[in-house]
Ligand code: DGL
């Protein structure tokens, strides 16, 4: 495996770009391939079987593109598929999970609010994460399906987004939550809207940077961090509707975007 080989990331759509940004920030010499599975978006209301199948197909694709490591840049796909992916592939596979542990440790009220997709909140791994932190804090969770189209539609900084965020988050604040955990990678892009709703009454916790650090630790251990310099490439792939995807990815990536649409994955 060459160190210049890319890191592959995937999500149902643009949410995982929050993790791609953190990786680009920490490891600017790494080449990146990002896959937005818009044909199957949103994942949060899909069955575990569908998400498993998509995860397998996308990771096969990314490995065929030469990726030296995979980041499952989606909480929903992580809880559904990461163990299976790790048993199937030999490259390092890093996932993302809601930051309940740091939130529980920092909470003064002992109440932590978690915003995530329905699928994440229903998963066994979320239950066991909650259990592991149960001596420090009570977790109050909220499924937030309306956040996904707001981010995909680039409406994350609008009054509409504020109203939706208020409806989701206010009950958590009223229940005494002093930590609000972003348990879906799309929600990172709503952070400033969420902070307006929270008005300093709670700390907003995001794990994008921790995922980047964990990836760096895994690559460092395998002597696979790229330090060769040269022109760094970021390539984007989508499973459908490249016009809409290009608009959203360009806006949220904030740089020139090289996007291709993949045919059917097998
Ligand atoms: N961004 C994803 C997550 O972190 C999923 C959003 C969706 O497709 O429902 O869970």
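In this note's numbering, the protein residues as written are 1272 to 1537. Glycine is no exception: its CB is placed at the ideal position from the N, C-alpha and C atoms. Note that this is a predicted model, so its numbers are computed, not measured.
Local conformation of residue i per DSSP, three classes
| i | result |
| --- | --- |
| residue 1518 | helix |
| residue 1431 | helix |
| residue 1273 | coil |
| residue 1499 | coil |
| residue 1380 | coil |
| residue 1480 | helix |
| residue 1399 | helix |
| residue 1536 | coil |
| residue 1472 | coil |
| residue 1413 | strand |
| residue 1405 | coil |
| residue 1531 | strand |
| residue 1374 | helix |
| residue 1425 | coil |
| residue 1387 | strand |
| residue 1487 | helix |
Near the ligand DGL: residue i beta-carbon under 7 Å from a heavy atom
| i | result |
| --- | --- |
| residue 1282 | yes |
| residue 1427 | no |
| residue 1312 | yes |
| residue 1286 | yes |
| residue 1457 | yes |
| residue 1415 | no |
| residue 1323 | no |
| residue 1388 | yes |
| residue 1497 | no |
| residue 1315 | yes |
| residue 1478 | no |
| residue 1320 | no |
| residue 1391 | yes |
| residue 1345 | yes |
Buried or exposed (CB count within 10 angstroms, at least 16 for buried), residue i
| i | result |
| --- | --- |
| residue 1347 | buried |
| residue 1500 | exposed |
| residue 1335 | exposed |
| residue 1423 | buried |
| residue 1342 | buried |
| residue 1463 | exposed |
| residue 1316 | exposed |
| residue 1302 | buried |
| residue 1395 | exposed |
| residue 1405 | exposed |
| residue 1445 | exposed |
| residue 1339 | buried |
| residue 1321 | exposed |
| residue 1288 | buried |
| residue 1450 | buried |
| residue 1361 | exposed |
| residue 1472 | exposed |
| residue 1376 | exposed |
| residue 1368 | buried |
| residue 1403 | exposed |
| residue 1308 | buried |
beta-carbon residue i near the ligand MG non-hydrogen atom, thresh 7 Å
| i | result |
| --- | --- |
| residue 1419 | Ligands in the displayed structure: the ligand DGL; the ligand MG is not one of them. |
Which runs of the alpha helix (DSSP H), 4 residues or longer, sit entirely within the stretch 1282 to 1364? At a cut-off of 4 residues, the continuous stretches assigned as alpha helix (DSSP H) that sit fully inside the stretch 1282 to 1364 are 1288 to 1297, 1319 to 1335 and 1346 to 1359.
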